[in-house]
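Have a look at the structure below, then the notes.
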Amino acid sequence: MKNELIAKAISEIEKPTFGTTKQYLEVHNVEMENGKPKVERVDFESFEETNVVYFPIEDELFFLSVYFSKENNEITNVGTENGNQVVLTAVSENLTFEQLAELTKLNGLSGWSINDDRKIGKGKYTFSRLTFEPIRSRAYDLETKLKLLLTELEKDRNGIKSLAENADVIISVHNQMYISGNKGIHLDVGTINRLDKLNLGIDIDQYIFGNELK
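Those letters in the sequence shown? Residues 350 to 563, per the numbering used here, in order.
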């Protein structure tokens, strides 16, 4: 079914049948890969009645999305979906990156230590930072991506709590939406309880991108 949805979604991008597709493509360009519109992700889980195919847009951080009925796999709508970056960050003015990393069993950590040369600009860092971002693609509904991150963190509850006791730890969210988008942010009680059990707060920054429709 995935290949069927991808084929239909690409066809809609190449030969639009929906007015909204034509409107978005008048002011934005979908990224291409091997001569075809690039598919970032196919989502079967985040939406109750629809499946979604995400297409990245050139120089933008939100996505052009084609929606399909789960009942018959036919296209029901074309619109945009927000891009979401969801990461765990730990900051310390005393511990090095290596010392922070030793507090947890998480793999794939990145960051820097206090007094390291800055990666951008001149000078040295005045604090250490550890970052854990297991899912790099931003083509996820915010709550879905947050829950996936929490599932990874819950595999090392003691380590996350140790980080929280020794550094400033938070889940950082960068939510990138289209200029005319109006999708709210919802966290259910279960997600809030999971954050509480890990002793984690959440910080959400929202950004607006894109060109207005003609």
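Using N, Cα and C, we set each Cβ at its ideal position, and we do this for glycine too. Remember, predicted model here, so these are calculated numbers, not experimental data.
Task: Cβ neighbour criterion (16 or more within 10 Å) applied to Glu430 - done: buried
- [ ] Determine the extent of the beta strand (DSSP E) in which Val388 is found, giving its start and end residues.
- [x] That residue, Val388, is in no beta strand (DSSP E); it is neither H nor E in DSSP.
Task: Selected residue, minimal CA-CA separation from Phe404, among Thr425, Asp392, Ala439 - done: The closest CA to that of Phe404, considering only Thr425, Asp392, Ala439, is found on Asp392.
Task: Residue from Leu437, Ala439, Thr399 with nearest C-alpha to Thr425 - done: Thr399
Task: Candidates Phe396, Val436, Arg487, Lys468, of which the one nearest Lys419 by Cα - done: The shortest Cα separation from Lys419 among Phe396, Val436, Arg487, Lys468 belongs to Phe396.
- [ ] Pick out whichever of Asn421, Gly539, Ser441, Leu449 has its Cα sitting closest to the Cα of Leu499.
- [x] Across the set Asn421, Gly539, Ser441, Leu449, the C-alpha of Gly539 shows the shortest separation from the C-alpha of Leu499.
TODO: Measure the Cβ-Cβ separation of Thr475 and Gly460 and say whether it is below 8 Å.
DONE: Contact flag unset, no.
TODO: Compute the Euclidean distance between the alpha carbons of Leu449 and Lys496, then round it to the nearest angstrom.
DONE: 23 Å
- [ ] Label Ile520 either buried or exposed according to how many other C-beta atoms from any shown protein chain fall within 10 Å of its C-beta, with 16 as the threshold for buried.
- [x] buried
TODO: Can you tell me which of the three DSSP states Asp505 falls into?
DONE: It is helical.
Task: Local Cβ density within 10 Å of His377, reported as buried at 16 or more and exposed below that - done: Buried is the call here.
Open item on the list: Just to confirm the assignment: which complete alpha helix (DSSP H) runs, minimum length 4, are found wholly within the segment 467-520?
Closed with: Listed in chain order, they are 491-502, 506-515.
Open item on the list: Using a Cβ-Cβ cutoff of less than 7 Å, which residues in the same chain neighbour Leu536 once the five nearest sequence positions on both sides are dropped?
Closed with: Excluding positions up to five away in sequence, the list reads Glu492.
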